[in-house]
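Quick notes on the structure that follows.
Number of protein chains: 2
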Amino acid sequence: MKKMTGILVILDGLAGRPTDLNGATCLERAVTPALDRLAARGALGLMDPVAPGVRPGSDTSHLSIFGYDPQRVYTGRGAFEALGIGMDVRGGDVCFRANFATVEERDGELIVLDRRAGRLPDGKPFEEAINGIRLDDFGVEFFFRASTEHRGALVLRGPGLSPAVSETDPHAVGVPVSRAEGHEAGARRTAEIVNAFTRRAHEALRDHPLNRERARRGELPANAILLRGAAAMPHLRPVTDEYGIRGVCIAGGALYKGVARLAGLTVLDVPGATGDLKTDLRAKARAALSAREDSALIFVHIKGTDNAAHDGDAQAKRQFIERADREFFAPLLADLPWDAVHLCVSGDHTTPPAVGEHTADPVPVLFVGPAVRPDGSRAFGERAAGRGGLGRFAGRLVPQLLGYCDLGPKFGA
Amino acid sequence: MKKMTGILVILDGLAGRPTDLNGATCLERAVTPALDRLAARGALGLMDPVAPGVRPGSDTSHLSIFGYDPQRVYTGRGAFEALGIGMDVRGGDVCFRANFATVEERDGELIVLDRRAGRLPDGKPFEEAINGIRLDDFGVEFFFRASTEHRGALVLRGPGLSPAVSETDPHAVGVPVSRAEGHEAGARRTAEIVNAFTRRAHEALRDHPLNRERARRGELPANAILLRGAAAMPHLRPVTDEYGIRGVCIAGGALYKGVARLAGLTVLDVPGATGDLKTDLRAKARAALSAREDSALIFVHIKGTDNAAHDGDAQAKRQFIERADREFFAPLLADLPWDAVHLCVSGDHTTPPAVGEHTADPVPVLFVGPAVRPDGSRAFGERAAGRGGLGRFAGRLVPQLLGYCDLGPKFGA
Numbered sequence: 001m002k003k004m005t006g007i008l009v010i011l012d013g014l015a016g017r018p019t020d021l022n023g024a025t026c027l028e029r030a031v032t033p034a035l036d037r038l039a040a041r042g043a044l045g046l047m048d049p050v051a052p053g054v055r056p057g058s059d060t061s062h063l064s065i066f067g068y069d070p071q072r073v074y075t076g077r078g079a080f081e082a083l084g085i086g087m088d089v090r091g092g093d094v095c096f097r098a099n100f101a102t103v104e105e106r107d108g109e110l111i112v113l114d115r116r117a118g119r120l121p122d123g124k125p126f127e128e129a130i131n132g133i134r135l136d137d138f139g140v141e142f143f144f145r146a147s148t149e150h151r152g153a154l155v156l157r158g159p160g161l162s163p164a165v166s167e168t169d170p171h172a173v174g175v176p177v178s179r180a181e182g183h184e185a186g187a188r189r190t191a192e193i194v195n196a197f198t199r200r201a202h203e204a205l206r207d208h209p210l211n212r213e214r215a216r217r218g219e220l221p222a223n224a225i226l227l228r229g230a231a232a233m234p235h236l237r238p239v240t241d242e243y244g245i246r247g248v249c250i251a252g253g254a255l256y257k258g259v260a261r262l263a264g265l266t267v268l269d270v271p272g273a274t275g276d277l278k279t280d281l282r283a284k285a286r287a288a289l290s291a292r293e294d295s296a297l298i299f300v301h302i303k304g305t306d307n308a309a310h311d312g313d314a315q316a317k318r319q320f321i322e323r324a325d326r327e328f329f330a331p332l333l334a335d336l337p338w339d340a341v342h343l344c345v346s347g348d349h350t351t352p353p354a355v356g357e358h359t360a361d362p363v364p365v366l367f368v369g370p371a372v373r374p375d376g377s378r379a380f381g382e383r384a385a386g387r388g389g390l391g392r393f394a395g396r397l398v399p400q401l402l403g404y405c406d407l408g409p410k411f412g413a
Numbered sequence: 001m002k003k004m005t006g007i008l009v010i011l012d013g014l015a016g017r018p019t020d021l022n023g024a025t026c027l028e029r030a031v032t033p034a035l036d037r038l039a040a041r042g043a044l045g046l047m048d049p050v051a052p053g054v055r056p057g058s059d060t061s062h063l064s065i066f067g068y069d070p071q072r073v074y075t076g077r078g079a080f081e082a083l084g085i086g087m088d089v090r091g092g093d094v095c096f097r098a099n100f101a102t103v104e105e106r107d108g109e110l111i112v113l114d115r116r117a118g119r120l121p122d123g124k125p126f127e128e129a130i131n132g133i134r135l136d137d138f139g140v141e142f143f144f145r146a147s148t149e150h151r152g153a154l155v156l157r158g159p160g161l162s163p164a165v166s167e168t169d170p171h172a173v174g175v176p177v178s179r180a181e182g183h184e185a186g187a188r189r190t191a192e193i194v195n196a197f198t199r200r201a202h203e204a205l206r207d208h209p210l211n212r213e214r215a216r217r218g219e220l221p222a223n224a225i226l227l228r229g230a231a232a233m234p235h236l237r238p239v240t241d242e243y244g245i246r247g248v249c250i251a252g253g254a255l256y257k258g259v260a261r262l263a264g265l266t267v268l269d270v271p272g273a274t275g276d277l278k279t280d281l282r283a284k285a286r287a288a289l290s291a292r293e294d295s296a297l298i299f300v301h302i303k304g305t306d307n308a309a310h311d312g313d314a315q316a317k318r319q320f321i322e323r324a325d326r327e328f329f330a331p332l333l334a335d336l337p338w339d340a341v342h343l344c345v346s347g348d349h350t351t352p353p354a355v356g357e358h359t360a361d362p363v364p365v366l367f368v369g370p371a372v373r374p375d376g377s378r379a380f381g382e383r384a385a386g387r388g389g390l391g392r393f394a395g396r397l398v399p400q401l402l403g404y405c406d407l408g409p410k411f412g413a
């Protein structure tokens, strides 16, 4: 049997509504000769990213697309936020959302003066000092990363950690930083670690040169880290293990790389793949074409569609789809060996520019390749997908794609 | 963004089979210009009320339509039967199906002489005596209601109750009323309460004037209550809480009002909405139109379709659908502001008149409103729905409807 490769391309927030552009969606209005030719060779269907009527996040929808049940494995935002800012989060890690804050020591207690350190513009310069703290005495590793403004995330890694700990953010000023507490043994120990981290972070930050500088400028020092929203990253069985394959991820955005890594994929570094409207789509196409050599699963994430939609710009969304057609799908159409490839094209949710947010509407899906039964579609779009031969289903694009490639275990005998 | 209202109209037992009326269903044969115009603007699909091949009850299908998983929350008929006869049942209440019976006291035991009190024609006149019993010594409230003939229901409300109790109905005559028993602490206490209720109900009934009168007429006295089918009403998270909205219910039948109340909806009193073939459909349409002012979700239940089908009268079912089209859907079509409304029309199951009972066949669904992608349908019917642009899905009409209205939390980020 020929060695088959499955290529999954997710255009983020691809789907739309008839209110997008004069009675048609951006995808329907876009001129997409390459996608339409792929549709004419393949078959279309509608996907509910999570379930009918559920408004999905990008995290829950990608879990579902990779074949995981988000209702079971999505343990809370904390862990996936850490993924989303590019941290390496593994199953069992306990993650927290973090704030830089301003505190004052009184009688050995840390009193919160400002929960956002005067809306610190950027916590990055403090990252090194925080990551220089040691928690070896507890036998755990930790990773801190600043994200936007006063925000960041903390990841604890080690045996026996528990997310069942109370937060240290008192959500008020003029009161002490809360002591983390836990009930059962693992949580009590995790709470001790969190409290030690809090104390040591203050010690590492209080005399930081940047804080002395902030003080000189009359600004509040960023001399404490408040933690909330503890969540454990679930142990996911990597798709690559389950199917016994190698897989790669070509993406700009950190969250998509993070979910792909959880699924066992290797993240390729593609210069110019920026995860925004300016991303180099030809470079992504080239990377996908050459990854075929040694990968059975290639996951390509293209973000620009969603960016344009969140900006409320329907024309920009349509134009980006047209550019993706020219610069990404046309090269794939021309250069892939179509007897040895299955391709799936879809979105992770609907983002109508008029709404500017994810909505619950189902998403069009295109499958093409030798095993796919052509359904007579002539274009790729939402309404065409509603008439498509694949019907309507929830998530699971990766299992379907690898199924067409004759990969994967049999369930039963 | 414009304030959106979602209107869900369930025509009970709407769907049918090609055997209904010479090769077409009642809905397909019915002349329904208003529904057909709505279909032409919207999109159709097929719903499995619970899952493919599951023959649903009205209770399980409505749970599913509201977005609950009936396989998880449907704890047994007892609780929903109590709802269905119009009792106010809340999460945690323990409910029983009840029979009026005839007993005789021998050596302090109650020996069952007749399990139906000689097929008592109506238990209502005894309700007051039974509800006059006190169970305050156990710290619980209870509510008894007679339904048809010798039947009724008992609802226990209070902390720590358990449905894991054995029944008091011995399902035999000439033997004692069974003592309720339970294994763990909550069940043991609930069993004690049930046994006290049984004893006190006998005391309240044995000298009841109506029983003395029945004795004079040579009829068996209704001097005991036998209980069976203990079930706890699940704690359901109200849809209105989850979506942060107000919702109303316009229905005649008690079960539908009950499920709607569990889902957080306010039941409107609509004079003439009788829940049968004679119901005032124009009054229901007017109520729906005016409820739009302050409700984001309007649930309208119309029962006549199912009544006609249970009677085996296909012509009456077709005629009722035609009347609903003229008197309910035509006013909605004319008077709703179609840029600010999403409407869903469906049934809760299939009831083919030739079968006279619920069947497992999928049910046609129509969605219409600005966010709905029109699918080119030209009529509302079972076969048109099978070709519709929304595909096939299980229940969840309310989440989908509110999703189109841009309401509801995001699952993930």
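Chains as they are written, first to last, in the UniProt record's numbering: chain X, 1 to 413; chain B, 1 to 413.
Where is the CB? At the ideal position from N, CA and C, for every residue including glycine.
The structure presented is a predicted model; accordingly, all values stated were derived computationally and were not measured.
Where residue i falls: helix, strand or coil (DSSP)
i, result
"residue 214(X)", "helix"
"residue 240(B)", "helix"
"residue 178(X)", "coil"
"residue 130(B)", "helix"
"residue 396(B)", "coil"
"residue 486(B)", "Here chain B covers residues 1 to 413 and nothing more, so residue 486(B) does not appear."
"residue 267(X)", "strand"
"residue 172(B)", "coil"
"residue 380(X)", "coil"
"residue 81(B)", "helix"
Cβ-heavy atom distance, residue i to the ligand COA, below 7 Å
i, result
"residue 245(B)", "Questions concerning the ligand COA fall outside what the structure shown contains, since it holds no ligand whatsoever."
Those residues which DSSP pairs with residue i across a bridge
i, result
"residue 56(X)", "411(B)"
"residue 192(B)", "DSSP output for residue 192(B) lists no bridge partner at all."
"residue 9(B)", "300(B), 345(B)"
"residue 247(X)", "297(X)"
"residue 228(X)", "97(X)"
"residue 364(X)", "46(X)"
Proximity test, Cβ basis, 8 Å: residue i and chain B
i, result
"residue 56(X)", "yes"
"residue 408(X)", "no"
"residue 60(X)", "yes"
"residue 74(X)", "yes"
"residue 301(X)", "no"
"residue 171(X)", "no"
"residue 247(X)", "no"
"residue 32(X)", "no"
Beta carbon proximity, residue i to chain X, threshold 8 Å
i, result
"residue 43(B)", "yes"
"residue 367(B)", "no"
"residue 71(B)", "no"
"residue 390(B)", "yes"
"residue 320(B)", "no"
"residue 254(B)", "no"
"residue 403(B)", "yes"
"residue 330(B)", "no"
"residue 67(B)", "yes"
"residue 142(B)", "no"
"residue 393(B)", "yes"
Of the listed residues the options, nearest to residue i (C-alpha basis)
i, options, result
"residue 367(B)", "72(B), 273(B), 355(B), 380(B)", "380(B)"
"residue 119(X)", "148(X), 132(X), 134(X), 128(X)", "148(X)"
"residue 293(B)", "307(B), 121(B), 340(B)", "340(B)"
"residue 103(B)", "217(B), 177(B), 253(B), 310(B)", "177(B)"
"residue 165(X)", "93(X), 182(X), 150(X)", "182(X)"
"residue 254(B)", "235(B), 245(B), 274(B), 241(B)", "274(B)"
"residue 413(B)", "349(X), 402(X), 403(X)", "349(X)"
Within 9 Å of chain B by C-beta, residues of the stretch 120–132 of chain X in sequence order: Along the stretch 120–132 of chain X, there is no position whose C-beta sits under 9 Å from a C-beta of chain B.
Taking a cut of 7 Å between CB atoms, which residues from the stretch 368–386 of chain B lie near chain X? 370, 371, 373, 374, 375
Residues of the stretch 332–360 of chain X in Cβ contact with chain B at a cutoff of 7 Å, in chain order, please. 355, 358, 359, 360
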